[in-house]
Every structure is written in structure tokens, then in C-alpha cells.
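Below: the structure, in C-alpha cells.
Number of protein chains: 2
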Amino acid sequence: MLSALELARRIEAGELTAVAVLDKCAETIAQRENEIGAFVALDLDAARARAKDAATTHAPLFGLPIGIKDIFDTADLPTEYGSTIYAGHRPTGDATLVAMIRRAGGIVAGKTVTTEFAHLRPGKTRNPRNPGHTPGGSSSGSAAAVAAGMLPLATGSQTGGSVIRPASYCGVAGFKPSFRLLPSVGMKCFSWTLDTAGLFGASVADVAFGTAAISGRDLRIDRGPPAAPRIALVRTHIWSQASAAMQGALETAARAAEAAGARVTDLALPPIFESAFDAHPTVQDYEAYRALAFEYDHHRDTLGPLLRALLDGAAAITPQAYDDARRVTKQARRALADVMADVDAILTPSAPSAAPESLASTGPAIFNRLWTLMGPPCVNIPGLAEPGGLPLGVQIVGRFGRDRNALEAARFVEQAIAARTKA
Amino acid sequence: MLSALELARRIEAGELTAVAVLDKCAETIAQRENEIGAFVALDLDAARARAKDAATTHAPLFGLPIGIKDIFDTADLPTEYGSTIYAGHRPTGDATLVAMIRRAGGIVAGKTVTTEFAHLRPGKTRNPRNPGHTPGGSSSGSAAAVAAGMLPLATGSQTGGSVIRPASYCGVAGFKPSFRLLPSVGMKCFSWTLDTAGLFGASVADVAFGTAAISGRDLRIDRGPPAAPRIALVRTHIWSQASAAMQGALETAARAAEAAGARVTDLALPPIFESAFDAHPTVQDYEAYRALAFEYDHHRDTLGPLLRALLDGAAAITPQAYDDARRVTKQARRALADVMADVDAILTPSAPSAAPESLASTGPAIFNRLWTLMGPPCVNIPGLAEPGGLPLGVQIVGRFGRDRNALEAARFVEQAIAARTKA
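Protein chains in written order, with the working numbering: chain P, 2 to 424; chain B, 2 to 424.
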């Protein structure tokens with residue numbers, strides 16, 4: 002994989018040019034894209050021309066090429082939202098996150114595969130770790146592009162588990178910042194309460210670097226060793242749905258963190274979080290029925306069967322049921338602030354298992370949707386794997402608005418896992 | 002003016018058809034649009050064809066024609082956001098609110114004038130009460146279309162004071178519901194924390210009827226007399242910036258409500274609300290610099306001077322300053338819940354004065370921006386006027402999520418004002 006941080010360091014030091022980085026990416030894309038299918042649109046010539054211009058700037062992203070999930074509008078590349086309804090669609094402008102990436106000196110290299118409207122219907126992407134397995138979704142192409150070393154960074158979005166799950170399946174770092182730290186303007190809406198923009202990179206320090214560069218926030222965590230965090234180990238009420246290998250990975254990560262100096266305590270979440278877990282689909286589906294009203298009302302037969310069924314059912318959700326779900330959400334958010342008062346982060350699985358052997362489904366979001374609804378920063382930590390070799394990600398959940406702390410805790414655990422592997 | 006509620010009642014009773022309503026609107030538009038300039042796009046033939054189809058349905062909006070502020074995407078009419086950057090722009094789909102209006106059986110009659118990106122640069126619209134005066138903004142065309150009797154209902158949006166102020170200036174009811182009660186998906190974003198969709202109608206009961214029909218929520222307040230509310234009279238820390246006439250109108254409204262049976266108490270807001278008032282532009286401008294990044298980065302010279310200056314300055318707002326402003330916002334929202342614990346509504350001016358005699362400015366939002374930032378329902382109550390005849394609106398601010406109570410309180414005050422005028 003390509004470390005964005007390392008590439009940026011070498012560009013800054015004059016050892017490498019942005020054009021050389023782009024050429025390296027183009028070479029890997031030429032080798033692997035045919036098998037992996039991470040992209041729906043690529044314009045490497047335009048990207049190379051921009052990389053040449055980038056040589057004179059010292060912008061935060063140093064001309065690094067970035068993949069954009071095809072749920073974000075781009076003026077210079079088609080934007081199809083994973084749906085044939087939008088075949089060849091060319092937006093008038095760039096999504097805010099895309100414009101911010103360009104302002105930061107990043108170069109849009111291509112649009113990456115999303116499931117249909119960032120919901121469940123898979124695109125063409127295969128898992129670079131094993132092409133018979135799903136890369137996860139909905140940010141399938143972005144996770145796969147980074148995992149295959151085709152790009153150092155790529156954007157994603159998460160409404161259920163669409164950043165953390167594919168990051169776990171593909172063995173890359175995934176970062177879902179606090180709700181709206183990265184703006185969602187110009188990102189196709191599925192649920193306005195839940196849709197959260199995020200980023201993929203090779204390691205936790207890479208996604209922290211990328212998010213810092215894009216947002217202008219003090220989120221870089223690579224300049225010194227991370228402090229030992231106070232971690233709450235949360236197995237959740239769906240622990241029995243995690244595979245034995247994932248359960249083992251979480252315990253391994255916890256023990257490694259402890260051995261490295263973290264304080265790790267067990268935490269059983271109070272019952273309000275089960276209610277919040279159940280509230281997530283009510284909030285999501287009620288809003289999707291409205292956010293996708295035009296598509297549903299005019300192109301219902303073009304929608305995939307899963308999304309069509311969701312929207313058919315969502316029509317019956319009453320405002321009362323939706324308000325009740327939002328009330329539970331509010332209560333659970335307050336409860337989360339309370340239970341995290343004495344810890345820096347929660348450690349919990351990123352997904353129920355390694356990537357399933359199927360291209361027909363992108364896997365379940367059950368270990369993600371509660372956290373998406375709560376809104377705090379979530380980080381997938383790569384580094385652990387099944388005996389068979391497929392990655393098993395573990396997840397750090399931080400406190401809302403404390404994204405730097407969450408990233409630092411995730412880096413600590415990532416390093417602890419790596420130290421253990423070496424030992 | 003045309004009462005949506007009355008028209009719906011007559012259609013339901015078989016006394017009137019949707020086509021007859023449309024024809025009535027078309028007639029008034031033919032008489033007045035030339036002078037008022039409320040519309041940027043009209044397709045009355047298409048609207049009439051849809052009104053014919055509406056005859057067979059009993060949808061909540063009964064085929065009533067509705068104006069759509071040109072900040073909401075429409076697939077069948079151009080959407081220019083008040084900017085020449087988007088001249089002739091035709092979105093691929095409808096905004097969620099537009100789709101919801103169509104689902105409810107409303108008919109999109111035309112697109113109404115907005116200031117540039119719903120900010121300050123005025124469009125062509127004149128105040129129907131006196132064409133030498135501003136109609137207010139940014140929802141200029143929607144307020145004027147309803148005031149001139151050209152349409153019974155029209156949508157608006159408010160980031161500072163863009164629903165309540167033009168409603169006050171034009172002498173119509175304006176309703177800014179609780180944040181996101183009406184979805185903002187497909188509405189051009191200026192500030193994702195502030196942008197709030199709303200509605201204009203002839204009276205408070207009309208906007209309540211319209212919002213109920215569109216949202217499917219229990220917001221109709223016309224089926225019985227409103228309960229006498231407990232009202233807090235809030236003069237705010239900028240009371241001295243209200244004209245003598247507006248100060249008088251607020252006192253008149255308070256005394257009329259009291260005479261009708263309301264409990265009216267004076268409330269001086271604690272200092273956190275001054276801080277929140279000051280925080281509004283920080284939140285707004287920081288987000289606008291990102292929401293309009295594409296336009297600023299690619300079309301800066303095409304922007305009006307006020308917006309260009311705002312964005313030039315906004316580039317320097319730090320994430321820290323933005324986070325501080327959001328922290329103040331959160332504190333003030335909690336304080337608002339506290340100070341409103343024992344009242345149903347706040348009564349406060351809708352604007353500093355009647356509509357200024359100028360077409361070069363849409364007037365100040367100083368009596369609105371605090372409430373937009375806080376997020377609760379706000380209603381402009383028409384019915385009072387300057388001796389010279391220009392309307393003076395007073396504003397009900399309800400509790401967040403208690404939109405029905407706010408509308409009921411506003412209706413109570415509206416009726417109390419009307420009773421006083423008759424007496």
C-alpha cells in the first residue's frame with residue numbers, strides 16, 4: 002500500500018514529485034484495476050497535468066492523487082451514484098469535500114465504485130486481498146483502491162457501516178470523523194441524520210494526515226508517540242454474531258494495547274443502546290424515502306430490489322415512529338457521553354467477520370450502525386488477520402468532537418498490534 | 002390573498018376545482034406579475050394539465066398551486082439559485098421538499114425569485130404592498146407571490162431571516178418550522194447548520210395546513226379555537242434598533258393577546274444569547290466558504306460584491322473559531338429550553354421595521370438570526386401595519402419540535418390582533 006504521509010514527506014523533501022507519485026499509481030492501476038474494478042471513472046491524463054502544476058505549491062496534500070467515491074459530485078468527471086438512473090450524469094459543480102481536497106492541493110484521480118446510492122446493491126469491485134470475496138460496501142472502490150496500492154487516499158461515506166466495514170474487509174485504515182467534520186454538501190443524500198463523509202488510507206496516521214490536510218484541523222498524530230489511552234472494551238449486545246476469529250481479534254487487540262501500556266476495562270453498554278441500535282433503520286429508512294423521493298417516484302423500476310423493498314416499506318413509517326427513534330437517539334447520545342466520561346475510546350469489532358466469500362452482498366453493518374447514529378469518530382485499525390489471511394479490523398470509537406484523541410488512540414492500538422506481531 | 006385552507010375546503014366540498022383555482026391564480030399573475038416580478042420561471046400550462054389530473058384525487062393539498070423558491074431543485078423547471086453562474090441550469094431531479102409537495106398532491110406553478118444563493122443580492126421582486134419598497138429576502142418572490150394573491154402557498158428558506166423577514170415586510174404568514182422538519186435535500190446549501198426550509202401563506206392557519214399536508218404531521222390548527230398560550234415577551238438586546246412603529250406593534254400584539262386571555266410575561270434573555278447572536282455569522286460564513294467552494298473557486302468574479310466580500314473574509318475563520326461558535330450555540334440551545342420551560346412561546350419582532358423604501362437591499366435579519374441558529378419553530382404573524390399602511394409582523398418563537406404549539410400560539414395572537422382591530 003502507499004502511505005500518503007510517507008509520500009508527502011518525500012515530496013516535501015524533494016525526493017519525489019507529484020508526477021512520480023501519479024505515475025506509480027497509474028502503473029499499479031494498469032496492473033490491478035482489471036481484476037479489482039475499483040473505478041467507475043478515471044482521468045489519469047488530467048490528473049498528471051494537475052500533478053505537474055502541483056510541483057510549485059506546498060499545499061497540505063502536496064499534489065497527492067485521491068479517489069472520490071462516486072457519491073460525491075464532480076464537475077470534471079461523471080457522477081452516477083451507483084445507479085443507472087444517473088448514467089453519464091455530469092454535475093454542474095464539485096461537492097464541498099471535493100472542492101476542499103482541491104483547495105488542499107490534492108488531485109482527483111478518479112471516481113470509485115459505490116453500491117447503488119451508497120446502499121446495498123454491489124458494484125463490480127472485488128476484494129484485493131482475495132478477489133472471490135466482497136470488498137464490503139458501500140465505499141467498495143475506495144477501500145479496494147487503497148488496499149491494492151492504486152491510490153494513497155480515497156473518500157468514503159457511511160450511513161450504516163460504509164467506511165469502517167470495507168476498511169476492515171480490505172485491511173486498510175478507515176476514518177469516519179465526527180458527524181459533519183467533513184461536509185456532506187454535494188454528496189448524494191440517503192439519510193441526512195446519518196450520512197457521514199470519511200477517508201481511507203494505508204494506516205491510521207495516513208487517514209489522520211489526510212483529514213488534517215483537507216479540513217485544516219490539528220489532526221496529525223504522526224509527530225510523536227501516541228499517549229497510552231484509557232480504553233473501554235465493548236463487546237455489544239450482538240457479540241454472539243461476531244465470528245470466533247473476530248472475537249479473537251478483538252481480544253488480541255485489547256491484550257496488545259494493555260501490554261503496551263493502555264488501561265483496558267470491560268464496558269457493558271446500558272439498554273438504551275440496544276434501543277438506539279433498533280432505532281437506526283427507522284431514522285435511515287424514513288429519511289431515505291424522502292431523500293430519494295424523486296428516484297422512487299419516477300424510476301422505481303430501475304432501483305435494485307433491496308432498495309426498492311426498503312423504500313416500499315419506508316412509506317409506512319409514521320412521523321411519530323420517526324420522532325420516537327430520534328428521541329431514543331438523543332437519549333443514547335447523552336448516555337454515550339456519560340459512559341465515556343472516564344475513557345478516551347471504545348474498542349469494538351469493525352465487522353462481524355472477515356470479508357464473506359461472495360460478490361452478491363457487501364456484508365452486514367451491525368457493528369457500525371449504532372456508532373453512525375451516535376455520531377462520534379470511528380477508526381478501523383488494520384493489522385490483524387484470519388489464519389487464512391483475510392483482514393480482521395478492530396474499531397476505535399472516540400468521543401464526539403474529539404477526533405484527534407480517537408485517532409491517537411487508534412494509532413496506539415495499531416502500533417501495539419504491530420509490536421505484538423513482531424514479537 | 003388566497004387562503005389555501007379555504008380553497009382546499011371548497012375543492013373538497015366540490016364547490017371549486019383545482020383547475021378553477023389555477024385559473025384564478027393565472028389571472029392574478031397576468032395582472033400583477035409585470036409590476037411585482039415574483040417569478041423567475043412559470044409554466045402555467047403544465048400546471049393546468051396537472052390540475053386536471055388532480056380532480057380525481059383527494060390528496061392532502063387537493064391540487065393547489067404552489068410556488069417554489071428558486072433555491073430548490075426542480076427537474077421540470079430551470080433552477081438558477083439567483084446566480085448567473087447557473088443561468089438555464091436544469092437539475093436532474095427534484096429537491097425532496099418539491100417531491101413531497103407533489104406526493105401530497107400540490108402542483109408546482111413556478112419558481113420564485115431568490116436573492117443570490119439566498120444571501121443578500123436582491124432579485125427583481127417588488128413589495129406588493131408598495132412597489133417602491135423591498136419585499137425582503139432571500140425568499141422575496143415567494144412572499145410577494147402570496148401577498149399579491151398570485152398563489153396560496155410558496156416555499157422559502159431561512160439561514161438568517163429569509164422567511165420571517167419577507168413575510169413581515171409583505172404582510173403574509175411565514176413559517177420556519179423546527180430545523181429540518183421540512184427536509185433541505187436538493188436545496189442549494191449556504192450553511193448546513195442554519196439553512197431551514199419554510200412556507201408562506203395568507204394566514205397562520207394556512208401555513209399550518211400546508212406544512213401538515215406536505216409533512217404528513219398533525220399540524221393543522223384550524224379545527225377548533227386555539228388554547229390561550231403562556232407568552233414570554235422578548236424585546237432582545239437589540240430592542241433599540243427596532244423602529245418606534247415596530248416597538249409599538251409588539252406592545253399592541255402583547256396587549257391584544259393578554260386581552261384575549263393569554264398570560265404575557267416579560268422575559269430578559271440571559272447574556273449567552275448575545276453571544277449566540279454574535280456566533281451566528283461565524284457559523285454561517287465558515288460553512289458558506291465551504292458550501293459555495295466550487296462557485297468561489299471557479300466563478301469568484303461572477304459573484305455579487307457582498308457575497309464575494311463575505312467569502313473573502315470567511316476564508317480566514319479558523320476551525321477553532323467555528324468550534325467555539327458551535328459550543329456557544331449548544332449552550333444557548335440548552336439555555337433556551339430552560340427559559341422556555343414555563344411558557345409556550347416567545348413573542349418578539351419579526352424585523353426591525355416595516356419594509357424599507359429601497360430595492361437595493363432586502364433589509365436586516367437581526368431579529369431572526371438568533372432564532373435560526375437556535376432551531377425552534379418561528380412564525381410571522383401578519384395583521385398589524387404602520388399608519389402609512391406597510392405591514393409590521395410580529396414573531397412567535399416556539400419550543401424546538403413543538404411546532405404545533407407554536408402555530409397554535411401564533412394563531413391565537415393573530416386572532417387577538419384581528420379582534421382588536423375590529424373592536
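All residues carry an ideal CB built from backbone N, CA and C; glycine is no exception.
None of the values given here were measured: they were computed from a predicted structure.
| field | Partner residues on chain P for Thr97(B), Cβ-Cβ distance less than 7 Å | value | For a Cβ distance threshold of 7 Å, residue set Arg291, Ala292, Ala294 of chain P lies close to Thr97(B), ordered along the chain.
Under 8 Å, do Thr115(P) and Ser140(P) count as touching if we go by C-beta distance?
Yes, the Cβ-Cβ distance between Thr115(P) and Ser140(P) is below 8 Å.
Worksheet entry | Proximal residues, the segment 211–226 of chain P versus chain B, C-beta separation under 9 Å | Answer set for the segment 211–226 of chain P: Ser216, Gly217, Arg218, Asp219.
For Thr93(B), which residues in chain P fall below 9 Å Cβ to Cβ? Chain P residues near Thr93(B): Ile86, Tyr87, His90, Pro92, Phe295.
Original post:
With a cut-off of 8 Å, do at least 3 Cβ pairs link the segment 381–393 of chain P to the segment 153–169 of chain B?
Top reply: Taking one beta carbon from each stretch, the segment 381–393 of chain P and the segment 153–169 of chain B have fewer than 3 pairs nearer than 8 Å; the two do not touch.
Which residues in chain P have a C-beta closer than 8 Å to the C-beta of Arg104(B)? List them in chain order. The answer, in chain order, is Ala294, Asp298.
- Query: So Ser158(B) is in the beta strand (DSSP E); what residue range does that whole segment cover?
  - Reply: It spans 154–159 - the beta strand (DSSP E) in which Ser158(B) sits, taken as one unbroken run.
| message | I'd like to know whether the C-beta atoms of Ala346(B) and Pro226(B) end up nearer to each other than 8 Å. | response | No, they are not a contact pair.
### Task
Answer with yes or no whether the minimum CB distance from Trp193(P) to chain B is below 8 Å.
Chain B contact via Cβ: present.
Requested in this report: For Gln32(B), count neighbouring Cβ atoms within 10 angstroms of its own Cβ and tell me buried if that reaches 16, exposed if not.
Outcome: Exposed, by the Cβ-count rule.
Quiz item: Can we say the segment 268–288 of chain B touches the segment 328–341 of chain B, given the rule of at least three CB pairs closer than 8 Å?
Solution: Verdict: yes, contact present.
Practice problem: Output, in sequence order along the chain, the residues in the segment 60–81 of chain B whose CB is closer than 9 Å to any CB in chain P. | Solution: Listed in sequence order: Asp74, Ala76.
* By the criterion of Cβ-Cβ separation under 7 Å, what are the contact partners of Pro377(B) in chain P? -> Residues of chain P passing the Cβ test: none, with the nearest at roughly 15 Å.
**OP:** With a floor of 4 residues, list each alpha helix (DSSP H) that falls wholly inside the segment 342–416 of chain B, ordered by position along the chain.
**Re:** Complete alpha helix (DSSP H) runs here, min 4: 370–375.
Next item on the list: List the residues of chain B that Met101(P) touches, going by C-beta distances under 7 Å, in chain order.
Entry: The answer, in chain order, is Arg291, Ala294.
>> One question on the structure: do Gly162(P) and Arg334(P) come within less than 8 Å of each other, judged by their Cβ atoms?
In response: Contact check for Gly162(P) against Arg334(P) fails: the beta carbons are separated by 8 Å or more.
Could you work out which residue in Leu360(P), Ala411(P), Ile86(P), Ile418(P) is closest to Gly38(P) when comparing CA atoms only? With distances taken between Cα atoms, Gly38(P) lies closest to Leu360(P).
Just curious, the beta strand (DSSP E) that Phe176(B) is in, first and last residue? Run containing Phe176(B): 174–177, per the beta strand (DSSP E) assignment.
Is it true that the CB of Ser143(B) sits closer than 8 Å to the CB of Thr113(B)? Cβ atoms of Thr113(B) and Ser143(B): closer than 8 Å.
Exercise for the section: Assign Lys53(P) to one of three DSSP states: helix, strand, or coil. Expected result: Helix at Lys53(P).
Output needed in chain order: residues of the segment 164–186 of chain P with a Cβ under 8 Å from some Cβ in chain B. From the segment 164–186 of chain P, only Arg181, Pro184, Ser185, Val186 have a Cβ closer than 8 Å to chain B.
Please identify the residue among Asp325(P), Arg400(P), Ala356(P), Arg49(P) whose C-alpha is closest to the C-alpha of Pro132(P).
Minimum Cα distance to Pro132(P) is reached at Ala356(P).
Indicate whether Trp372(P) and Glu288(P) have their beta-carbon atoms separated by less than 8 Å.
Contact: no.
- Any alpha helix (DSSP H) of 4 or more consecutive residues that is wholly inside the segment 226–295 of chain B: Taken in chain order, the complete alpha helix (DSSP H) segments of 4 or more residues contained in the segment 226–295 of chain B are 245–260, 273–292.
Which same chain residues end up closer than 7 Å to Ala27(P) when comparing Cβ atoms and leaving out the 5 residues on each side of it in sequence? For Ala27(P), same chain residues with a beta-carbon under 7 Å away, outside a window of 5 residues either side, are Leu45 in chain order.
Let's see if you can read the secondary structure: which residues bound the beta strand (DSSP E) around Val41(P)?
Residue range 40–43 is occupied by the beta strand (DSSP E) that includes Val41(P).
Straight-line gap, Ala174(P) to Val395(P) (C-alpha atoms, nearest Å):
So the alpha carbons of these two residues sit roughly 10 Å apart.
> Is it right to say Asn35(B) is buried, meaning 16 or more other beta carbons lie within 10 angstroms of its own, or is it exposed?
Replying inline: Classification of Asn35(B): exposed, given that the 10 Å Cβ count is below 16.
Checklist entry - Near Ala250(P), what residues of its chain come up, given a Cβ to Cβ distance below 7 Å and the 5 sequence neighbours on each side ignored? => result The residues are Leu385, Leu393, Val395.
- request: Using a Cβ-Cβ cut-off of less than 7 Å, give me the residues of the segment 318–339 of chain P that come near chain B, in sequence order.
  value: Considering only beta carbons, the part of the segment 318–339 of chain P lying closer than 7 Å to chain B consists of Pro320, in chain order.
Can you find a CB in chain P that lies within less than 8 Å of the CB of Cys26(B)? Not one beta carbon of chain P lies nearer than 8 Å to the beta carbon of Cys26(B).
Rounded straight-line distance, which links the Cα of Pro377(B) to that of Phe191(B):
Straight-line Cα distance between these residues: approximately 19 Å.
Check your understanding: Using the rule of at least 16 other Cβ atoms within 10 Å of the residue's Cβ for burial, across every protein chain shown, is Ala209(B) buried or exposed?
Key -> By the neighbour-count definition (other C-beta atoms within 10 Å, threshold 16), Ala209(B) is a buried residue.
Using a threshold of 8 Å, state whether the C-beta atoms of Ile232(P) and Arg405(P) are closer than that.
In this structure, Arg405(P) does not lie closer than 8 Å to Ile232(P) by Cβ.
Need the endpoints of the beta strand (DSSP E) that Pro66(B) sits in, please. Pro66(B) -> beta strand (DSSP E) spans 66–70.
Worksheet item: For the candidate residues Thr303(P), Gly217(P), Gln285(P), Ala100(P), whose alpha-carbon lies nearest to that of Ile318(P)?
Response: Taking the Cα of Ile318(P) as reference, the smallest distance to any Cα among Thr303(P), Gly217(P), Gln285(P), Ala100(P) is reached at Gln285(P).
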